[in-house]
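Asker: Here it is: the structure, laid out below.
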Amino acid sequence: GIQKYIGEQMVAGFARKGFVRGRSVRLMTVSVRAGKPNGAASGFLSGMIREPLAGIKAACPVPPETLGALSSPARTVEGIIRAAEVTDEQWGPLLGMNLPSFRITVGEMAQSLERVAGKPATDLLDWTPDEAILKLVRTWPGNVTSERANAMGLFADPNFDDVVRDYIHENPQAVKLAVKA
Numbered sequence: 452g453i454q455k456y457i458g459e460q461m462v463a464g465f466a467r468k469g470f471v472r473g474r475s476v477r478l479m480t481v482s483v484r485a486g487k488p489n490g491a492a493s494g495f496l497s498g499m500i501r502e503p504l505a506g507i508k509a510a511c512p513v514p515p516e517t518l519g520a521l522s523s524p525a526r527t528v529e530g531i532i533r534a535a536e537v538t539d540e541q542w543g544p545l546l547g548m549n550l551p552s553f554r555i556t557v558g559e560m561a562q563s564l565e566r567v568a569g570k571p572a573t574d575l576l577d578w579t580p581d582e583a584i585l586k587l588v589r590t591w592p593g594n595v596t597s598e599r600a601n602a603m604g605l606f607a608d609p610n611f612d613d614v615v616r617d618y619i620h621e622n623p624q625a626v627k628l629a630v631k632a
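Right, dumping it as structure tokens:
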């Protein structure tokens, strides 16, 4: 967290001094990320979808009612590109901008996984709590506003089922379970 804030402040300082034309976008938790688990506290928000689809057990260390603010990889990339393309007038005087996210509970994410990939996928979720991760996750915002991004034509994913389907479509080699597509 703090390194992101420092980076944003560096961009703001360099822009103020005229060294760069600075813009910063604040990324929400990106899910479902492809690849191997990365050890970040937020990693389970991708792992709880990615690993079961690969036929691997996955940790879900927080209660189902835990709320998150998520964005798919596609919407995140779209936001970064849009931020680079809009005019200075469209961007406005503020350098930093929240990219859109949607509110979802971890339990709702599991329900999406089950709708798309069936009960065999959710049977691979291990709901053993991890107090250290839960303590950290509870400090994260669950409701982030993004009016500026919306005004630039950027919007959150409409639902998580489609995010799961997009992951499957983009990463067919990583999916071992039968899915409903």
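So our numbering is basically just the index in the sequence shown, starting at one, shifted up by 451. Cβ coordinates follow ideal geometry from the N, Cα and C atoms, glycine included. Source: prediction; values computed, not measured.
How should Asn610 be labelled, buried or exposed, when 16 other C-beta atoms within 10 angstroms of its C-beta is the threshold for buried?
Answerer: When all chains shown are included, Asn610 counts as exposed.
Asker: Does DSSP put Ile555 in a helix, in a strand, or in coil?
Answerer: Strand, per DSSP.
Asker: Taking the beta carbon of Ile457 as the centre, do at least 16 other beta carbons fall within 10 Å, making it buried, or is it exposed?
Answerer: Exposed, because fewer than 16 other Cβ atoms sit within 10 Å of the Cβ of Ile457.
Asker: Run through the DSSP bridge pairs and tell me what Asp574 is partnered with.
Answerer: Asp574 is not bridged to any residue.
Asker: With a threshold of 16 other CB atoms inside 10 Å of the CB of Ala607, please say whether the residue is buried or exposed.
Answerer: When all chains shown are included, Ala607 counts as buried.
Asker: With H, G and I counted as helix, E and B as strand and the rest as coil, what does DSSP make of Thr480?
Answerer: Here Thr480 sits in strand by DSSP.
Asker: Quick one: what does DSSP say Asn601 is sitting in, helix, strand or coil?
Answerer: Asn601: helix per DSSP, three-state reduction.
Asker: Starting from Ser522 and walking both ways along the alpha helix (DSSP H), at which residues does that stretch end?
Answerer: That residue, Ser522, is in no alpha helix (DSSP H); its beta strand (DSSP E) goes Leu518 to Ser522.
Asker: Round the Cβ separation of Val481 and Pro524 to the nearest angstrom and send it over; I've been treating them as touching at under 8 Å.
Answerer: 6 Å between Cβ atoms; contact.
Asker: Which one of Gln454, Trp578 and Leu478 has the shortest CA to CA distance from Ile532?
Answerer: Answer by Cα proximity: Leu478.
Asker: Round the Cβ separation of Met499 and Ala491 to the nearest angstrom and send it over; I've been treating them as touching at under 8 Å.
Answerer: Rounded, the Cβ-Cβ distance is 13 Å, inconsistent with contact.
Asker: State the beta-bridge partners of Ala510 as determined by DSSP.
Answerer: DSSP output for Ala510 lists Asp577 as bridge partner(s).
Asker: Identify, in the order they occur along the chain, each residue of the same chain with its Cβ nearer than 7 Å to the Cβ of Ala505, setting aside the five sequence neighbours on each side.
Answerer: Excluding positions up to five away in sequence, the list reads Ala625, Val626 and Lys627.
Asker: Measuring CA to CA, which of Ala572, Lys631, Gly494 and Asn549 is closest to Pro503?
Answerer: Out of Ala572, Lys631, Gly494 and Asn549, Ala572 has the C-alpha closest to the C-alpha of Pro503.
Asker: In whole angstroms, what separates the C-alpha of Ile507 from that of Leu587?
Answerer: Cα-Cα distance, rounded: 25 Å.
Asker: Which residue comes first and which comes last in the alpha helix (DSSP H) that contains Gly464?
Answerer: Where Gly464 is concerned, the enclosing alpha helix (DSSP H) stretches over Ile453 to Arg467.
Asker: Less than 8 Å between the C-beta atoms of Gly530 and Leu550, yes or no?
Answerer: Yes. Within cutoff.
Asker: My guess is that Cys511 and Trp578 are in contact by the Cβ rule of under 8 Å, so how many angstroms apart are they, rounded?
Answerer: Yes, they are in contact, since the Cβ atoms of Cys511 and Trp578 sit about 5 Å apart, within 8 Å.
Asker: Measuring only the C-alpha atoms, how far is Ala583 from Glu540?
Answerer: The straight-line gap from Cα to Cα measures roughly 44 Å.
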